[in-house]
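Chains as they are written, first to last, in UniProt numbering: chain A, 1 to 270; chain B, 1 to 270. Notes to accompany the following structure.
Number of protein chains: 2
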Amino acid sequence: MAAWGERLAGVRGVLLDISGVLYDGGEDGGSPIPGSVEAVARLKRSRLKVRFCTNESQKSRGNLVGLLRRLGFDISEGEVTAPAPAASLILKERGLRPHLLVHDGVRSEFDQNDMSNPNCVVIADAGEAFSYQNMNKAFQVLMELENPVLISLGKGRYYKETSGLMLDVGAYTKALEYACGIEAEVVGKPSPEYFRSALKEMAVEAHEAVMIGDDIVGDVGGAQRCGMRALQVRTGKFRPSDERHPEVKADGYVDNLAQAVDLLLQHADK
Amino acid sequence: MAAWGERLAGVRGVLLDISGVLYDGGEDGGSPIPGSVEAVARLKRSRLKVRFCTNESQKSRGNLVGLLRRLGFDISEGEVTAPAPAASLILKERGLRPHLLVHDGVRSEFDQNDMSNPNCVVIADAGEAFSYQNMNKAFQVLMELENPVLISLGKGRYYKETSGLMLDVGAYTKALEYACGIEAEVVGKPSPEYFRSALKEMAVEAHEAVMIGDDIVGDVGGAQRCGMRALQVRTGKFRPSDERHPEVKADGYVDNLAQAVDLLLQHADK
Chain A
1 MAAWGERLAG
11 VRGVLLDISG
21 VLYDGGEDGG
31 SPIPGSVEAV
41 ARLKRSRLKV
51 RFCTNESQKS
61 RGNLVGLLRR
71 LGFDISEGEV
81 TAPAPAASLI
91 LKERGLRPHL
101 LVHDGVRSEF
111 DQNDMSNPNC
121 VVIADAGEAF
131 SYQNMNKAFQ
141 VLMELENPVL
151 ISLGKGRYYK
161 ETSGLMLDVG
171 AYTKALEYAC
181 GIEAEVVGKP
191 SPEYFRSALK
201 EMAVEAHEAV
211 MIGDDIVGDV
221 GGAQRCGMRA
231 LQVRTGKFRP
241 SDERHPEVKA
251 DGYVDNLAQA
261 VDLLLQHADK
Chain B
1 MAAWGERLAG
11 VRGVLLDISG
21 VLYDGGEDGG
31 SPIPGSVEAV
41 ARLKRSRLKV
51 RFCTNESQKS
61 RGNLVGLLRR
71 LGFDISEGEV
81 TAPAPAASLI
91 LKERGLRPHL
101 LVHDGVRSEF
111 DQNDMSNPNC
121 VVIADAGEAF
131 SYQNMNKAFQ
141 VLMELENPVL
151 ISLGKGRYYK
161 ETSGLMLDVG
171 AYTKALEYAC
181 GIEAEVVGKP
191 SPEYFRSALK
201 EMAVEAHEAV
211 MIGDDIVGDV
221 GGAQRCGMRA
231 LQVRTGKFRP
241 SDERHPEVKA
251 DGYVDNLAQA
261 VDLLLQHADK
């Protein structure tokens, strides 16, 4: 471990994934991953810049931050890059009127968007709202468009809740892509534009930044393709086979965020 | 049309798709496509061999035939190749114990299969039973297997009911494939084994047979890859863009089954 810790030299900014790194979600709100509350506090007391970069698309950014603060985290809305507010801006810029296939908890992020006579579909991690009826409605909207536009908030395969692994938005996006014969546009990790917007908000260049996440493809692979370094934590949806992933190799693997912060404070910014 | 009708010379056997060719399904049971009841009767009075080859996986074969008989069709269970009975046999041969993600209407086809301690998932057109909870359960069963086996009854993208286009099993199969990083085994069209089993039951060679269906990829493309000829009907889920499909070109396009039978009786078996 010490060997690769030196690869963190020169890091000035840290992007933190939230679910599976800070906490594990669950029906009761979820619980912090041991050591993560203190690890975030230590990072924020250091000279390193910190930003949270999530694909959470079930909750509004405000609700997510409220939950994390109740769990003890020092975090504010302005520090969080989240896909729903990013998508809302993109829709306005492009004159797109969305049909939403989303969880009720995130609907408020689209309050400023015109929903009349939809000319695109926005799909997010809708959880129980991924009913056959709702999926079929989104499918029918797409099939009636001459140029169907499908915007997917992330393309995660699954995430971990306290009760077990749960299907994420990426699986349902694949279903609509296949049924309609189209390809979705992704707003969220691993889209390079999304990582770049988070880096810009932190005012740090890609080669000076490290991403810390539990998703070997979405977090680690995506950040590396943008020129960042990336660590995978062995919490959240991490599975031992991730360390033998055929395509993606993290710059380092750590047991949890606390260990990542130990290493960062020892090696970064030198 | 007359020009390509001659391509039907030498046909001795006809495979008929059911949904979208014989009838359009619907909540009220559905309705026959005009002319199809008579067209089936004329075919069966001719010297041509006839077999029905369906991907219907919401209903048991018995229920499907019962419905079609009530709509006026001359059809019996023994004339129908359907994916659920085929899958049930394959499961027994391979010692597979299925977790079923299927419509209640087809569950009886698996009465002879051992369901204890599942070592595979069978997915069919489950309709409203494609809830998030049921999809997530199937996903979790697969993720707990060392060698996950997913058997999909067909891979259709969508089908047409009287109320509109409906998502088919293929879309949900893609979702599980993506989430688990696996590839499903297909029992049903366009699997070559499935077409061959239907040809064998009709005792006709591929080059002597024609498939008639409404699905340019699953019916037409699949049958052609087996060495059969194939006609697409402009009923059911047919869309005008199918006639410009980038990869599949039917041997002929007909307005409906009645027109296909006119041509067959004129040109086949000569």
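No residue lacks a Cβ here, since even glycine has one placed at the ideal position from N, Cα and C.
Here's a check: name, in chain order, each residue in its chain whose Cβ is nearer than 6 Å to the Cβ of residue 125(A), leaving out the five neighbours to either side. 57, 58, 168, 169
Under 9 Å, do residue 263(B) and residue 254(B) count as touching if we go by C-beta distance? Result yes, Cβ atoms of residue 263(B) and residue 254(B) sit closer than 9 Å.
In this structure, how does DSSP classify residue 230(B) when only helix, strand and coil are distinguished? Under the three-state reduction of DSSP, residue 230(B) is assigned to strand.
Can you give me the start and stop residues for the beta strand (DSSP E) that residue 150(A) sits inside? Membership of residue 150(A) in the beta strand (DSSP E) is indicated by the continuous run 150-152.
Can a CB atom of chain A be found closer than 9 Å to the CB of residue 158(B)? yes
Does residue 8(B) get closer than 9 Å to chain A when you measure Cβ to Cβ? no
Please say whether residue 187(A) and residue 87(A) have beta carbons closer to each other than 9 Å? Yes, these two residues count as a Cβ contact at 9 Å.
Specify, as a first and last residue, the run of the alpha helix (DSSP H) that residue 90(B) falls within. 83-94
Excluding the 5 residues flanking residue 104(A) on each side, which residues of the same chain have their C-beta closer than 8 Å to its C-beta? Contacts found: 129.
Suppose you measure from the CA of residue 40(B) to the CA of residue 74(B); what does that come to, to the nearest Å? One alpha carbon belongs to residue 40(B), the other to residue 74(B), and they sit about 7 Å apart.
Got a sec: which bits of the stretch 112-139 of chain A sit with their beta carbon under 9 Å from any beta carbon on chain B, in order along the chain? So the close ones are 126, 127, 128, 129, 130, 131, 132, 133, 135, 136, 139.
Please identify, using Cβ separations under 8 Å, the residues of the stretch 150-177 of chain A that lie next to chain B, in order along the chain. 157, 158, 164, 165, 166, 167, 168, 170, 171, 172, 174, 175, 176, 177
Which one or two residues does DSSP pair with residue 24(A) in a beta bridge? 31(A)
Proximal residues to residue 117(A) (C-beta, below 8 Å), its chain only, five neighbours per side dropped: 97
Given that a residue counts as buried once 16 or more other Cβ atoms are within 10 Å of its Cβ, and exposed if not, what is residue 207(A)? exposed
Backbone secondary structure at residue 213(A) - three-state DSSP: strand
Using the DSSP secondary-structure output, state which residues sit across from residue 19(B) in a beta bridge. 23(B)
Anything in chain A within Cβ reach of residue 179(B), meaning under 7 Å, just list it in chain order. 157, 158, 167, 171
Apart from the five residues on each side of it in sequence, which residues of its chain come closer than 7 Å, Cβ to Cβ, to residue 65(B)? 75, 76, 77, 80
Distance between residue 34(A) and residue 42(A) (C-alpha atoms, nearest Å): Using only the alpha carbons, I get a separation of about 14 Å.
Closest residue to residue 69(A) among 13(A), 259(A), 36(A) (Cα-Cα distance): Per the Cα distances, 36(A).
Where residue 143(B) meets chain A, residues with beta-carbon distance less than 7 Å: 165
Within its chain, find whatever has a CB closer than 7 Å to the CB of residue 148(A); leave out the 5 residues flanking it on each side and keep chain order. By the criterion of a C-beta distance shorter than 7 Å, residue 148(A) is surrounded in its chain by 142, 180, 182, once the five residues flanking it on both sides are discounted.
Residues near residue 157(B) by beta carbon distance below 7 Å, same chain, minus five either side: 168, 170, 171
Using beta-carbon positions only, say whether residue 151(A) and residue 177(A) come within less than 9 Å of one another. no
8 Å contact criterion, which residue 189(B) and residue 55(B) should meet: CB distance rounded: Rounded, the Cβ-Cβ distance is 5 Å, consistent with contact.
Inter-residue spacing [alpha-carbon to alpha-carbon] between residue 228(B) and residue 240(B): Looking at the two C-alpha atoms, the distance is approximately 23 Å.
Residue 165(A) (DSSP reduced to helix, strand or coil): strand
Contact belief for residue 85(B) with residue 153(B) at Cβ below 8 Å, rounded distance in angstroms: Residue 85(B) to residue 153(B), Cβ: 10 Å. No contact.
Assigned secondary structure, residue 44(B) (DSSP; H/G/I helix, E/B strand, else coil): If DSSP states are grouped into helix, strand and coil, residue 44(B) belongs with the helices.
For residue 38(B) and residue 235(B), the rounded distance between their alpha carbons: Those two C-alpha atoms are separated by around 16 Å.
Within the stretch 112-199 of chain B, ranges of the beta strand (DSSP E) (whole runs, at least 3 residues): 120-123, 150-152, 158-161, 164-167
Can you tell me the Cβ-Cβ gap for residue 219(B) and residue 237(B), rounded? I've got them flagged as a contact below 8 Å. The Cβ separation is near 10 Å, so there is no contact.
Express the C-alpha separation of residue 28(B) and residue 11(B) in angstroms, rounding to a whole number. 36 Å
Just the Cα atoms here: how many angstroms apart are residue 261(A) and residue 242(B)? 56 Å
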